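In what follows, a single structure is set out as structure tokens and then discussed.
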Amino acid sequence: MDTTNMFKKFDADEQVSGQAQLKSSATRALRTAVCTQMPRFEPYVDDVVPKKARIFQVRLHNHYQLLCDEAGRVLFLQDRDGRLYPTLRLLHAYPFMLPWVQVDRGAIRHVLRGANVMCPGLTSPGGYVPPELAADQVVAVMAEGKARALAVGRMLLSVAQVLQQNQGVAIENVHVLGDEIWKRERWSASG
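Counting in our numbering, the sequence shown runs from 64 upward without gaps.
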């Protein structure tokens, strides 16, 4: 699935297929999934998804869903495979929750426009990719010289493949600063 600019021109009226409150069992499953997929965040999961929280699911036509708290704040995006992507607002509050990669200065403007992260942006001077990352892992995308993440994405290649190939797409960009998920702080029941 091509996710380049997925939420750059997001229109709720056209792309929302339904909304519902999660059952308590689904909320417990969400808490478990957060702890499993983001083990560094486990001590803080009660701060974001309390045991008795009312969590709302907004289903989108692009096979993603938004998971919102009762105040309407989008906390996570979830793909059809169950993979959770924290929003940048949540990631900025808890920057340790995901492993991170760093793109060089030349890649920043492209990533901010919604482009996927290419291998050379990670392997050139100024870029960084930790050796333990595997394919399909959700990562925070940091920028050279910047303190906060500018995107959240999914590794398409392992680190070994990124270093060996050094060409092509390394990270699928799912959510970026300035997209509609970022601009829209709260999600109302009417969309």
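No residue lacks a Cβ here, since even glycine has one placed at the ideal position from N, Cα and C. Model, not experiment: these values are computed from the prediction.
Discussion item. Quick check on the DSSP output: what are the complete alpha helix (DSSP H) runs of length 4 or more inside the segment 177-202, in order along the chain?
Written reply: 182-186
Discussion item. If you measure between the beta carbons of Met181 and Val137, is that distance less than 8 angstroms?
Written reply: Sequence index remark: in the sequence shown, residue 181 carries index 118 (1-based). Sequence index remark: in the sequence shown, residue 137 carries index 74 (1-based). The answer is no: Cβ separation not under 8 angstroms.
Worksheet item: Along the chain, which unbroken stretches of the alpha helix (DSSP H) at least 4 residues long are found entirely within the segment 87-160?
Response: 87-100, 108-111 and 151-156
Worksheet item: Where Val79 and Glu243 are concerned, what is the direct C-alpha to C-alpha distance, given to the nearest angstrom?
Response: Stepping through the sequence shown from its first residue, residue 79 is reached at position 16. Stepping through the sequence shown from its first residue, residue 243 is reached at position 180. Cα to Cα, the separation comes out at about 13 angstroms.
Worksheet item: Would the segment 208-219 and the segment 94-113 be scored as touching if the rule is three or more Cβ pairs under 8 angstroms?
Response: Contact between the segment 208-219 and the segment 94-113 is absent: fewer than 3 CB-CB pairs across the two stretches fall below 8 angstroms.
Worksheet entry | Start-to-end residues for the beta strand (DSSP E) that takes in Gly231 | In the sequence shown, residue 231 corresponds to position 168, counting from 1. Premise fails: Gly231 is in no beta strand (DSSP E) and is neither H nor E.
Worksheet item: From the DSSP output, which residues share a beta bridge with Arg217?
Response: As a working note, residue 217 is residue 154 in the sequence shown. Beta-bridge pairing links Arg217 to Val201 and Glu235.
Worksheet item: Taking three-plus beta-carbon pairs below 8 angstroms as touching, is the segment 167-175 in contact with the segment 186-193?
Response: yes
Discussion item. Judging by CA-CA distance, which residue of Val225, Ile118 and Arg103 is the nearest neighbour of Ala83?
Written reply: The residue given as residue 83 occupies position 20 in the sequence shown. Of the candidates Val225, Ile118 and Arg103, the one whose C-alpha sits nearest the C-alpha of Ala83 is Ile118.
Worksheet item: Name the DSSP beta bridge partners of Ala206, please?
Response: For the purposes of this step, residue 206 is identified with residue 143 of the sequence shown, where counting begins at 1. In the DSSP output, where bridge partners are listed per residue, Ala206 has Val166.
Practice prompt. With a 10 Å radius around its C-beta and 16 neighbouring C-beta atoms as the bar for buried, classify His126 as buried or exposed.
Written response: For the purposes of this step, residue 126 is taken as residue 63 along the sequence shown, with counting starting at 1. Result: exposed.
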